[in-house]
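K.L.:
First residue of the sequence shown? That's 270 in our numbering, and the numbers climb one at a time after it.
All C-beta atoms, glycine included, are put in the ideal place defined by N, C-alpha and C.
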Amino acid sequence: MSNWLKLEGDVCAVTGALGGMGVEICREFARNGANVVLLDLDEEKVKAAAADLAAEFGIHAEGYKMNATDEAEVQAAVDATIADFGRVDVLVNTAGILRFAAMEDLPLSDWEQVLNVNLTGYFITSQRFGREMIKAGQGRLVHISTVASHSPETFSGVYSSTKAGVNMMSKMLAAEWGPYGVRSNCVEPCFVKTPMSASFYADPEVEKSRSRLIATRRIGEVSDIANAVMFLASKRSDFTTGDAIKVDGGFSNMMGDLTAKPGGRRAYADNYLKNKGVELWSDESGVAKPTDQ
């Protein structure tokens, strides 16, 4: 069962390889015996990260400097990958940025920057690496999106808009490239602890209140995202394309049950669980909430 995913020997490229999700995804590929191409902005750090990964897991890993919004740099990374590995089997797009503002206050420069990184960058990398996959007659693309691409989240309009675009782009790639043996899918996280969000979740009260919105009653870890990526990047998902997997602990399934008023549906559900022996804690309003244990 150690090679159940059938990733051993595959060449897997990851954009945003130095970010929280990117690091864990690269490590999970290496754990499964895949060779890894690390792509990020800092050449010195990405090469060092690749060397460390190769030494720890005994796989072939290379790190290339790449700005996903720069066509020349992306093509150079593709050419280097083919020169060093001979092919590319998987591309995972994780690079992304956030800008928070009300839509009426959002500067056009912020809108264009997020659009460029989160959507245009995904298109450029998918197109350039995808061309090699089309030549080979096989390949898998996985794009990090978000559950917020389906429902508005105030003050994150540009982020959600770009991720909705990523979802449709992935569907288009799946439709057009399916006949060539190339698949494209998305992973949609929500409420995940990453280095970027670490300070936010450092407050235990924030983690407790957020956990209460989630069916599994916990905040996600980057390993949860990496596990979903492994499945979609593997040959075990050969009949899955143009789709998206929500990795949100059931948050998107709880939309009709988010009223946190005493006597409301959420309170009823919490009290029911408490009566069944599930350990809970309460805030000052007396509304039952799950523990963080």
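Grouping DSSP H, G and I as helix and E and B as strand, with all else coil, what is Asp-353?
P.N.:
Position 84 of the sequence shown, counted from the first residue, corresponds to residue 353. Note: Asp-353 maps to helix in three-state DSSP.
K.L.:
Span of the alpha helix (DSSP H) holding Arg-479?
P.N.:
Taking the first residue of the sequence shown as position 1, residue 479 is located at position 210. 473 to 480 is the extent of the alpha helix (DSSP H) around Arg-479.
K.L.:
Near Asp-339, what residues of its chain come up, given a Cβ to Cβ distance below 6 Å and the 5 sequence neighbours on each side ignored?
P.N.:
Translated into the one-based positions of the sequence shown, residue 339 becomes position 70. So no residue of the chain qualifies.
K.L.:
Could you check the C-alpha separation between Met-438 and Ser-418 for me, to the nearest Å?
P.N.:
In the sequence shown, counting from the first residue as 1, residue 438 sits at position 169. In the sequence shown, counting from the first residue as 1, residue 418 sits at position 149. Computed Cα separation, rounded: 13 Å.
K.L.:
So Asp-358 and Arg-409 are supposed to be a Cβ contact under 8 Å. How far apart are they, rounded?
P.N.:
Counted from its first residue, the sequence shown places residue 358 at position 89. Counted from its first residue, the sequence shown places residue 409 at position 140. Contact between Asp-358 and Arg-409 holds, with the beta-carbon distance rounding to 7 Å and staying under 8 Å.
K.L.:
State the DSSP-derived secondary structure class of Lys-530, mapped to helix, strand or coil.
P.N.:
One-based indexing of the sequence shown puts residue 530 at position 261. Any reading at Lys-530 needs caution, since the residue's pLDDT is 49, under 50, leaving its predicted position unreliable; the model's value is listed next. Looking at Lys-530 - three-state DSSP - the assignment turns out to be coil, as it is neither helix nor strand.
K.L.:
Rounded to the nearest angstrom, what separates Gly-511 and Ala-497 at their Cα positions?
P.N.:
To locate residue 511, count along the sequence shown from 1; it is residue 242. To locate residue 497, count along the sequence shown from 1; it is residue 228. C-alpha separation (whole angstroms): 15 Å.
K.L.:
Glu-277: buried (16+ other C-beta within 10 angstroms of its C-beta) or exposed?
P.N.:
As a working mapping, residue 277 is identified with position 8 in the sequence shown. Counting Cβ neighbours within 10 Å, Glu-277 comes out exposed, since fewer than 16 surround it.
K.L.:
Determine the closest residue to Trp-273 out of Thr-284, Ala-303, Leu-287, with distance taken between C-alpha atoms.
P.N.:
The residue labelled residue 273 in the question sits at position 4 within the sequence shown. The candidate whose alpha carbon is nearest that of Trp-273 is Ala-303.
K.L.:
Below 8 Å, how does it come out for the region 422 to 435 and the region 376 to 389: are there three or more Cβ pairs, yes or no?
P.N.:
yes
K.L.:
Could you give the C-beta distance for Phe-520 and Phe-460, rounded to a whole number, given that I count them as a contact under 8 Å?
P.N.:
Taking the first residue of the sequence shown as position 1, residue 520 is located at position 251. Taking the first residue of the sequence shown as position 1, residue 460 is located at position 191. About 6 Å; that satisfies the 8 Å criterion.
K.L.:
Which of the three DSSP states is assigned to Asp-493 in this structure?
P.N.:
Position 224 of the sequence shown, counted from the start, is the residue given in the question as residue 493. DSSP places Asp-493 in helix when its eight states are reduced to three.
K.L.:
Just to confirm, are Thr-463 and Val-435 a CB contact at a threshold of 8 Å?
P.N.:
Stepping through the sequence shown from its first residue, residue 463 is reached at position 194. Stepping through the sequence shown from its first residue, residue 435 is reached at position 166. No, they are not a contact pair.
K.L.:
By Cβ distance below 7 Å, which residues in the same chain neighbour Ile-318 in space, the five residues on each side in sequence not counted?
P.N.:
Taking the sequence shown and counting its residues from 1, one reaches residue 318 at position 49. Ile is not the amino acid found at residue 318; the sequence shown has Ala there. Only Ala-286, Leu-287, Leu-307, Gly-332 meet the Cβ criterion.
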